[in-house]
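If you're matching them up, the sequences are chains A and B in order.
Residues 0 to 306, numbered by numbering that gives the first Met the number 0, are exactly what the first sequence covers, in order.
Residues 0 to 306, numbered by numbering that gives the first Met the number 0, are exactly what the second sequence covers, in order.
Every residue, glycine too, gets a C-beta built ideally from N, C-alpha and C.
Structure first, then comments.
2 protein chains.
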Amino acid sequence: MINNLINKIKDTKAPICVGLDPKLDFIPDHIKNKAFEAKGMNLEGAAKAVVDFNKGIIDMVWDLIPAVKPQIAMYEQFGIPGLEAFNETVAYAREKGLVIIGDIKRGDIGSTSEAYAVGHLGKVTIGDNSFSGFEEDFVTVNPYLGSDGVKPFIDVCKEEKKGIFVLVKTSNPSSGEFQDRLSDGKPIYEYVAEMVDTWGADHMGNDYSYVGAVVGATYPEIGKKLRKLMPKSYILVPGYGAQGGKGADLVDYFNEDGLGAIVNSSRGIIAAYKQEKYDVYGEADYAGAARAAVIDMIEDINGALGV
Amino acid sequence: MINNLINKIKDTKAPICVGLDPKLDFIPDHIKNKAFEAKGMNLEGAAKAVVDFNKGIIDMVWDLIPAVKPQIAMYEQFGIPGLEAFNETVAYAREKGLVIIGDIKRGDIGSTSEAYAVGHLGKVTIGDNSFSGFEEDFVTVNPYLGSDGVKPFIDVCKEEKKGIFVLVKTSNPSSGEFQDRLSDGKPIYEYVAEMVDTWGADHMGNDYSYVGAVVGATYPEIGKKLRKLMPKSYILVPGYGAQGGKGADLVDYFNEDGLGAIVNSSRGIIAAYKQEKYDVYGEADYAGAARAAVIDMIEDINGALGV
Numbered sequence: 000m001i002n003n004l005i006n007k008i009k010d011t012k013a014p015i016c017v018g019l020d021p022k023l024d025f026i027p028d029h030i031k032n033k034a035f036e037a038k039g040m041n042l043e044g045a046a047k048a049v050v051d052f053n054k055g056i057i058d059m060v061w062d063l064i065p066a067v068k069p070q071i072a073m074y075e076q077f078g079i080p081g082l083e084a085f086n087e088t089v090a091y092a093r094e095k096g097l098v099i100i101g102d103i104k105r106g107d108i109g110s111t112s113e114a115y116a117v118g119h120l121g122k123v124t125i126g127d128n129s130f131s132g133f134e135e136d137f138v139t140v141n142p143y144l145g146s147d148g149v150k151p152f153i154d155v156c157k158e159e160k161k162g163i164f165v166l167v168k169t170s171n172p173s174s175g176e177f178q179d180r181l182s183d184g185k186p187i188y189e190y191v192a193e194m195v196d197t198w199g200a201d202h203m204g205n206d207y208s209y210v211g212a213v214v215g216a217t218y219p220e221i222g223k224k225l226r227k228l229m230p231k232s233y234i235l236v237p238g239y240g241a242q243g244g245k246g247a248d249l250v251d252y253f254n255e256d257g258l259g260a261i262v263n264s265s266r267g268i269i270a271a272y273k274q275e276k277y278d279v280y281g282e283a284d285y286a287g288a289a290r291a292a293v294i295d296m297i298e299d300i301n302g303a304l305g306v
Numbered sequence: 000m001i002n003n004l005i006n007k008i009k010d011t012k013a014p015i016c017v018g019l020d021p022k023l024d025f026i027p028d029h030i031k032n033k034a035f036e037a038k039g040m041n042l043e044g045a046a047k048a049v050v051d052f053n054k055g056i057i058d059m060v061w062d063l064i065p066a067v068k069p070q071i072a073m074y075e076q077f078g079i080p081g082l083e084a085f086n087e088t089v090a091y092a093r094e095k096g097l098v099i100i101g102d103i104k105r106g107d108i109g110s111t112s113e114a115y116a117v118g119h120l121g122k123v124t125i126g127d128n129s130f131s132g133f134e135e136d137f138v139t140v141n142p143y144l145g146s147d148g149v150k151p152f153i154d155v156c157k158e159e160k161k162g163i164f165v166l167v168k169t170s171n172p173s174s175g176e177f178q179d180r181l182s183d184g185k186p187i188y189e190y191v192a193e194m195v196d197t198w199g200a201d202h203m204g205n206d207y208s209y210v211g212a213v214v215g216a217t218y219p220e221i222g223k224k225l226r227k228l229m230p231k232s233y234i235l236v237p238g239y240g241a242q243g244g245k246g247a248d249l250v251d252y253f254n255e256d257g258l259g260a261i262v263n264s265s266r267g268i269i270a271a272y273k274q275e276k277y278d279v280y281g282e283a284d285y286a287g288a289a290r291a292a293v294i295d296m297i298e299d300i301n302g303a304l305g306v
């Protein structure tokens, strides 16, 4: 799947993914009202609004991008109907040929991490049968519990040829509270990065490993350093756009082969219609605004990379 | 809810919770077969087996204990039907008056953590209405992203009078890889503990804060130290029993008031019937074995505490 992701990045010339994090505030009224009419102003109605909104976005951007990154929290908040909407979104994006990065930030120990891994990337065995509960291609994993928490994911990834992105340095303002603490002169996130490199050596695709890293766009100097510490790991970069990252900041997240990073934007794309820059599209054509924002983002990043 | 939890611990004289982590291997064949006959050998059948098994346990232990701790990964692995089983389990335990600690180990940033908090502890607003997607009383939270990831949970907890347990030092063998790294002479988990104390000061119940900590039973010396660093925080202690912790190891996790810790056992209770010690009960009376194991666990801990 890492080979597949890379091939799709090469084909689209777009090292980006679109974060499908549909807060209700982002969803135009005409979609919400229709969904509420059909299902009620309840969890089911919200879930339908989310799916309809996502499908509109996917229809307008699938040909431009390699991958989408649904943030499961935004679905989980709507309970069971919300998670059904997550699955519908994943299935629809897969139909369109997109790689699915489930932003789930799970992480536990031993058999518990295994259960998450099986549930999201693999198949759970029930009697003589096996089933997929959720069906992403990659998921994000929290490393705080150490190898015991991460390796069960890698074991499932090996069977399924799927991958993970381990949180190394996150994009948020307080990410430094623990991640930046120096130990023997090195911040904690570097220790995590070294482990990502080690874990990845054990599960390689053609040129890159199946074990990637999350490094926020908001800390370019750190990105540069981490790129070198994990040369074989793909870096998933959140924080572009709404959180402040720009293409010019991200050059050093890439390797010299022009690969090695995939930059995510969520709000900046899916709620682009709310920005002055795209207000010609209006709420009715929110998906057209998303397409324009994707094109601009690709241009910004490729321009910075000089490709 | 922290006051409620403490009152229930006092009433039952049992500073413990039962981990409802029903792997299919733990569930007796007669329950699985009946569930598969009713629903099929599929996700729905597995989910029904889980609920039936849990109800059997709850029926036999609810009068002895203050709380249960369902581990959501064990449900999530069965997809949507699994999470419906999670909700059914939570609802059934609540009917029996038990406090629900959702072991979800979520953690993200800003509005994303808020979505998890709203989904599990609060209510999500949809138009003019609000709904609970999942409905625990406490959840566990991963601190790797810092205050940005934790505070949204606390904000929801304040509104709902609910609480969280933040991972400080986990019970697994590799927990030290990052948690034990020394920074200025102090391990990372102490920095997290200090933040737990700070966060908790902002959301106090009568005697304890609504912000607790997870500290594994397998590191008693660390438990003793952390107890003192977070005097107002309840400590949720995993790792008792199957992972090796014993009552005698846990004395220093408690404060001098005899309160301040709640010890979890999962496999040691729910799969007690598989232990030689309880094999008189057999598979048919797995719940009787669980009750006996709960009584022994309470005796072990209270004996060590000298109460």
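Compute the distance between the beta-carbons of residue i and residue j, then report whether it is under 8 Å.
i, j, result
"Ile234/A", "Ala212/A", "yes"
"Ile125/A", "Asn41/B", "yes"
"Leu228/A", "Asp179/A", "no"
"Leu4/A", "Trp61/A", "no"
"Pro237/A", "Ala216/A", "yes"
"Lys185/A", "Tyr207/A", "no"
"Ile300/A", "Leu258/A", "no"
"Tyr188/A", "Ser182/A", "no"
"Val210/B", "Trp198/B", "yes"
"Ile372/B", "Ile261/B", "Absent from the model: residue 372/B. The displayed extent of chain B is 0 to 306, so no value can be given."
"Ile57/B", "Lys95/B", "yes"
"Tyr74/A", "Ala72/B", "no"
"Lys161/B", "Leu120/B", "yes"
Have a look at the options and flag the residue whose alpha-carbon is nearest the alpha-carbon of residue i.
i, options, result
"Gly18/B", "Tyr188/B, Asp28/B and Pro65/B", "Pro65/B"
"Gly101/B", "Phe164/B, Glu158/B, Tyr218/B and Gly215/B", "Phe164/B"
"Ser131/B", "Gly132/A, Thr88/A, Gly81/A and Glu158/A", "Gly81/A"
"Ile153/A", "Ser110/A, Arg226/A, Leu97/A and Asn254/A", "Ser110/A"
"Ile294/A", "Lys9/A, Ile15/A and Met0/A", "Ile15/A"
"Val317/B", "Ala289/B, Ala216/B, Asp278/B and Pro151/B", "Nothing can be reported for residue 317/B: it is not among the residues displayed for chain B, which extend from 0 to 306."
"Gly246/A", "Gly222/A, Ser232/A, Pro230/A and Lys231/A", "Gly222/A"
"Phe177/B", "Ile99/A, Cys156/A, Asp147/A and Gly204/A", "Asp147/A"
"Ala289/A", "Ile300/A, Asp299/A, Tyr277/A and Pro230/A", "Tyr277/A"
"Gln76/B", "Arg266/B, Asp51/B, Ile103/B and Tyr207/B", "Ile103/B"
"Met296/B", "Arg93/B, Glu275/B, Lys273/B and Gly267/B", "Gly267/B"
"Tyr143/B", "Lys7/B, Met194/B, Asp136/B and Phe133/B", "Met194/B"
"Leu63/A", "Glu282/A, Ala292/A and Ala283/A", "Ala292/A"
"Gln242/A", "Gly281/A, Gly302/A, Asn254/A and Asn171/A", "Asn171/A"
"Gly145/A", "Lys95/B, Ala90/B, Gln70/B and Thr169/B", "Thr169/B"
"Val49/A", "Phe25/A, Met59/A and Gly39/A", "Phe25/A"
Can you grab the Cα-Cα spacing for the pair residue i / residue j, in whole Å?
i, j, result
"Asp127/B", "Phe35/A", "11 Å"
"Val155/A", "Val123/B", "34 Å"
"Ser173/B", "Met0/A", "28 Å"
"Asn53/B", "Thr88/B", "7 Å"
"Met203/A", "Asn2/A", "10 Å"
"Tyr252/A", "Leu225/A", "8 Å"
"Ser265/B", "Pro21/B", "9 Å"
"Ala45/B", "Tyr218/A", "45 Å"
"Pro27/A", "Arg105/B", "29 Å"
"Ala192/B", "Leu166/B", "9 Å"
"Glu255/B", "Asp10/B", "18 Å"
Which of the three DSSP states, helix, strand or coil, is assigned to residue i?
i, result
"Ile64/A", "coil"
"Ile108/A", "coil"
"Ala212/A", "strand"
"Pro27/B", "coil"
"Leu307/B", "Chain B is shown from 0 up to 306; residue 307/B falls before or after that span and cannot be answered."
"Gln70/A", "strand"
"Phe177/A", "helix"
"Lys273/A", "helix"
"Asp10/A", "helix"
"Met312/B", "Examination of residue 312/B is not possible in this model, given that chain B is present from 0 through 306 alone."
"Asn53/A", "helix"
"Thr197/B", "helix"
"Ala260/A", "strand"
"Asn128/B", "strand"
On the criterion of 16 or more Cβ atoms from any shown chain inside 10 Å, does residue i qualify as buried, or is it exposed?
i, result
"Lys47/A", "buried"
"Glu113/A", "buried"
"Asn324/A", "The requested residue 324/A is not part of the displayed model; chain A covers only 0 to 306."
"Asn141/B", "buried"
"Gly305/B", "exposed"
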